[in-house]
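Sequence lines, in order, name chains A and B. Quick note on the working numbering: the first sequence kicks off at 134 and runs consecutively. Quick note on the working numbering: the second sequence kicks off at 69 and runs consecutively.
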Amino acid sequence: MKALVWHGTTDIRCDSVPDPQIEHPRDAIIKVTSCAICGSDLHLYDHFMPGMKSGDIMGHETMGEVVEVGSETKGKLKVGDRVVIPFTIICGECDQCKRGNFSVCERTNRNGHIAAKAFGHATAGLFGYTHLTGGYAGGQAEYLRVPFADATHIKVPDGIPDEKLLFLSDIFPTGWQAAVQCDIQPDDTVAIWGAGPVGQMAIRSAILLGAKQVVAIDRIPERLAMAEAGGAITINFDEESVIERLNELTNGKGPEKCIDSVGMEAHAAGTVDAMYDRVKQATMMETDRPHVLREMAYVCRPAGTLSVPGVYGGLLDKIPFGAIMNKGLTIRTGQTHVNRWTDDLLRRIEEGQIDPSFVITHTVGLEEGPEMYKIFRDKQDGCVKVVLKP
Amino acid sequence: MRYETERTRRRGHADTATDTLARGLGIFSIALGIMEVAAPRTLARALGMKGQEGLIAGYGLREIATGIGILASKDPTPWIWGRVAGDALDLATLATALEGKNPKKENVGIAMAAVAGVTALDVYCAQTLSRESPHPLPPMQDYSDRTGFPRGVEQSRGAASDFEVPRDFRAPEAMRPYTQPDLPQRPMPSM
């Protein structure tokens with residue numbers, strides 16, 4: 134089959150690789166009908182996340198049709214089912230899964246001992262996202278092997294196009310969880326850093342959850358226009374001071390809720406801390422560039438909440454914990470517990486409350502995937518979200 | 069990676085960060101020029117260049133003109149190259165002050181090091197502008213109709229109010245907003 138394969142820093146190719154096989158009775162194989170490139174894939178493309186090996190298949194936003202099932206998936210999944218595959222692989226049986234904390238499933242990361250060395254404990258297995266999370270093949274391919282498939286799937290009905298459903302795999306529930314983590318109240322101002330795909334979903338989620346005011350912060354005009362279309366007030370951080378504008382919009386009190394949908398590769402040209410991060414990262418003295426975390430901690434209203442769906446990988450420098458502690462801020466983070474939200478979100482799509490396909494700007498074949506990684510990374514051609522059709 | 073804004077579209081199509089750097093250099097140029105025009109005698113004394121006050125004031129006028137050119141022009145590229153040429157002139161003039169028995173040679177060395185630093189920044193900025201400006205980015209895509217809400221934004225605000233935030237995701241009670249009707253607040257006591 135054809136698949137997008139990681140070969141090294143900024144080197145992804147569309148290769149021919151062996152078809153996946155059932156390896157365990159709980160496995161299923163799906164024929165991929167649509168998959169997408171995620172912003173967090175760019176951390177692998179640029180090789181900021183450790184643990185990739187040449188030959189790894191990329192991708193964790195995938196949907197398709199079940200073409201083969203293992204003997205232990207019977208009753209839960211059958212050939213012909215239409216499914217979206219959540220990016221977190223879940224067993225559905227461990228203590229964390231029973232609590233709905235699916236992204237920290239205790240059993241699906243087959244390299245849990247490596248993750249435990251880095252993070253203290255293992256987190257869930259993920260598709261196509263380094264050997265720290267299990268080294269599972271990803272879904273930017275013609276076929277995908279789904280481990281623990283009896284639990285790791287979202288059944289979706291026929292009659293709704295892939296484009297409306299695909300993002301149940303990651304960015305829609307991720308934006309939703311980011312907003313839910315804020316416990317939004319009707320008087321809240323929610324400030325969202327980053328108007329990429331997750332930021333766009335977080336904006337829509339915050340509006341659906343009834344925030345009085347949603348503010349989106351970015352520098353790319355197309356993304357800001359899309360954020361504005363979704364009901365956000367926009368701040369272009371290249372043209373005005375984020376902190377001054379947020380204080381102005383909140384009568385000097387700061388936003389109650391702040392969402393970081395940027396993560397480890399913040400671009401904040403011109404600020405002293407951003408230059409500092411660049412130097413430290415280039416000299417391998419820092420893994421991440423946490424400009425957004427610093428800004429959020431500074432501007433958030435006392436007793437407010439910082440919600441962090443943006444991906445961070447390691448050790449962060451100069452985090453103003455004094456501000457966080459003295460202002461009594463709550464920090465909520467985590468990879469998304471996808472299946473915890475998807476029944477509810479699928480209903481909202483079916484009822485027409487939201488149509489997540491608004492975010493798609495490019496649809497191409499798998500062969501064009503490597504080029505699209507570059508275009509997406511460089512934010513060329515107004516690229517916000519790429520869907521691949523194998 | 070390159071971003072254009074309305075401002076940079078008007079000013080030679082450079083990346084916004086490069087344009088910001090150019091503007092910074094323009095402001096610096098004017099500030100330095102004003103200093104040279106306003107206090108040529110002080111500068112000449114500090115550098116051991118007595119008798120060259122007129123030259124310093126002239127250089128100040130050059131700096132002011134270049135700075136205005138950078139800030140006001142449609143394309144700052146030639147003006148930044150102009151700064152590079154001016155830097156070379158400054159360095160050459162300062163080098164003459166190293167000759168002979170100038171007691172302020174140490175100050176001259178410091179000044180030359182500072183000019184060299186600014187020159188590096190000028191050269192970087194000029195080269196980047198020259199690379200970027202001839203290649204404008206394609207027109208912006210129009211995403212202003214991509215609401216994501218089939219029923220419109222205002223109809224959708226609060227549409228998910230039936231959603232109950234799970235207990236483990238709720239803000240602690242003490243950190244929730246005060247929901248009772250507004251009570252009159254007494255003015256802040258003066259301390």
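Cβ coordinates follow ideal geometry from the N, Cα and C atoms, glycine included. Just so you know, these numbers come straight off a predicted model, no measurement behind them.
What does a CB cutoff of less than 8 angstroms around residue i pick up in its chain, not counting 5 residues either side in sequence?
i               : result
I95 of chain B  : G135 and L139
M103 of chain B : L111 and G128
F370 of chain A : I350, D351, R352 and A401
Y431 of chain A : I376, P453 and A456
D406 of chain A : H424, R427 and K451
G461 of chain A : P435 and A436
Tell me the residue span of the beta strand (DSSP E) that contains residue i.
i               : result
R146 of chain A : D144 to S149
R123 of chain A : In the structure displayed, chain A extends from 134 to 523; residue 123 of chain A sits before or after that span and is not available.
Q346 of chain A : Q346 to D351
A161 of chain A : A161 to I170
L137 of chain A : K135 to G141
R215 of chain A : R215 to I218
A239 of chain B : Where A239 of chain B is concerned, there is no enclosing beta strand (DSSP E), given that its DSSP letter is neither H nor E.
R465 of chain A : T463 to T466
What are the boundary residues of the alpha helix (DSSP H) that includes residue i?
i               : result
E260 of chain B : The question about residue 260 of chain B has no answer here: the residues shown for chain B are numbered 69 through 259.
D406 of chain A : V405 to A415
E198 of chain A : Element bounds for E198 of chain A: not the alpha helix (DSSP H) but the beta strand (DSSP E), E194 to V202.
R337 of chain A : P330 to L341
L93 of chain B  : T84 to A106
D393 of chain A : Taken as a continuous stretch (DSSP letters only), D393 of chain A belongs to no alpha helix (DSSP H), being part of the beta strand (DSSP E) at K390 to D393.
H176 of chain A : D174 to Y178
V313 of chain A : I304 to V313
N175 of chain B : K173 to E200
Taking residue i as the reference, give the member of the options with the closest Cα.
i               : options                           : result
M117 of chain B : B:T161, B:G150 and B:D83          : B:T161
C238 of chain A : A:S440, A:T285 and A:G261         : A:T285
I376 of chain A : A:E156, A:W326, A:P290 and A:V199 : A:W326
N380 of chain A : A:A324, A:D514, A:P354 and A:G443 : A:A324
L521 of chain A : A:T142, A:D160 and A:V165         : A:V165
R159 of chain A : A:G225, A:K288, A:I452 and A:P183 : A:G225
T496 of chain A : A:K518, A:D476, A:D514 and A:Q154 : A:K518
E576 of chain A : A:G387, A:D228 and A:L479         : Outside the displayed range of chain A (134 to 523) lies residue 576 of chain A, so it cannot be described from this structure.
I163 of chain A : A:I170, A:T416, A:T475 and A:Q154 : A:Q154
V221 of chain B : A:P306, A:Y269, A:T256 and A:Q346 : A:Q346
Q468 of chain A : A:S204, A:T256 and A:I190         : A:T256
I464 of chain A : A:A274, A:G184 and A:V313         : A:V313
P319 of chain A : A:E389, A:S374 and A:T266         : A:E389
Q333 of chain A : A:G253, A:L342, A:D511 and A:W309 : A:W309
E194 of chain A : A:R278, A:P290, A:G272 and A:C227 : A:G272
C168 of chain A : A:S490, A:K211, A:D511 and A:K512 : A:S490
M458 of chain A : A:A251, A:I482 and A:C433         : A:C433
V512 of chain A : A:G329, A:M418, A:H140 and A:C230 : A quick correction: the sequence has Lys, not Val, at residue 512 of chain A. Here the closest residue by C-alpha is A:G329.
L342 of chain A : A:Y269, A:E355, A:N384 and A:D321 : A:D321
V279 of chain A : A:S236, A:E198 and A:G253         : A:E198
V395 of chain A : A:T206, A:E373, A:G364 and A:M429 : A:M429
I178 of chain B : B:S229, B:T196 and B:L159         : B:L159
G213 of chain A : A:K231, A:T221, A:V200 and A:T206 : A:V200
P219 of chain A : A:V138, A:D303, A:G253 and A:C171 : A:D303
P354 of chain A : B:A82, B:P240, B:Q209 and B:P257  : B:Q209
R337 of chain A : B:R219, B:D236, B:G126 and B:V183 : B:R219
L157 of chain B : B:S201, B:L197 and B:E131         : B:E131
K209 of chain A : A:I170, A:N242, A:V471 and A:D283 : A:D283
F237 of chain B : A:Q486, A:M417, A:T466 and A:P523 : A:T466
P294 of chain A : A:D152, A:T494, A:C147 and A:D488 : A:D488
V492 of chain A : A:F305, A:L137 and A:S374         : A:F305
Leaving aside the five residues before and after residue i along the sequence, list all residues of the same chain whose C-beta is less than 6 angstroms from its C-beta, in chain order.
i               : result
T420 of chain A : G446, G447 and L448
A311 of chain A : A335, I392, S440 and P442
H180 of chain A : T142
A399 of chain A : R422, H424 and V425
P144 of chain B : A90 and I138
I482 of chain A : K297
Can you find the residues in the same chain that come closer than 7 angstroms, C-beta to C-beta, to residue i, ignoring five residues on each side of it along the sequence?
i               : result
D514 of chain A : I508
T125 of chain A : Residue 125 of chain A lies beyond the stretch modelled for chain A, which goes from 134 to 523, so this question has no answer here.
(request) Give the residues from the stretch 210 to 222 of chain B that approach chain A closer than 9 angstroms (Cβ to any Cβ), ordered along the chain. (result) Cβ contacts with chain A: D210, Y211, S212, D213, R214, T215, G216, F217, P218, R219, V221 and E222.
(request) Report yes or no: do three or more beta-carbon pairs, one from the stretch 357 to 366 of chain A and one from the stretch 208 to 221 of chain B, lie closer than 8 angstroms? (result) These segments touch.
(message) Assess contact between the stretch 498 to 505 of chain A and the stretch 469 to 484 of chain A, defined as three or more Cβ pairs (one per stretch) separated by less than 8 angstroms. Is contact present?
(response) In short, these stretches do not touch, since the Cβ pair count stays below three.
(message) So if I threshold CB-CB distances at 7 angstroms, which residues from the stretch 307 to 338 of chain A count as touching chain B?
(response) Here the close residues are V313, Q314, D316, Q318, D320 and R337.
(message) Check whether the stretch 186 to 200 of chain B and the stretch 160 to 176 of chain B touch, using three or more Cβ-Cβ pairs below 8 angstroms as the test.
(response) The answer is no - the stretch 160 to 176 of chain B does not touch the stretch 186 to 200 of chain B, with fewer than three Cβ pairs under 8 angstroms.
(message) Give me the subset of the stretch 191 to 210 of chain A whose CB atoms are less than 7 angstroms from a CB atom of chain B, sorted by chain position.
(response) Result list empty, no residue passes.
(request) Below 8 angstroms between beta carbons is the criterion; list the residues of the stretch 405 to 423 of chain A that meet it against any residue of chain B, in chain order. (result) Per Cβ criterion, the list is empty.
(request) Would you list, in chain order, the members of the stretch 341 to 356 of chain A that have their beta-carbon closer than 7 angstroms to a beta-carbon of chain B? (result) From the stretch 341 to 356 of chain A, only L341, L342, G343, R352, I353, P354 and E355 have a Cβ closer than 7 angstroms to chain B.
(request) Give the residues from the stretch 266 to 295 of chain A that approach chain B closer than 9 angstroms (Cβ to any Cβ), ordered along the chain. (result) Listed in sequence order: no entries.
(request) Mind checking the stretch 433 to 447 of chain A against chain B and listing, in chain order, the residues whose C-beta falls within less than 9 angstroms of any C-beta there? (result) Answer in chain order: A436, G437 and T438.
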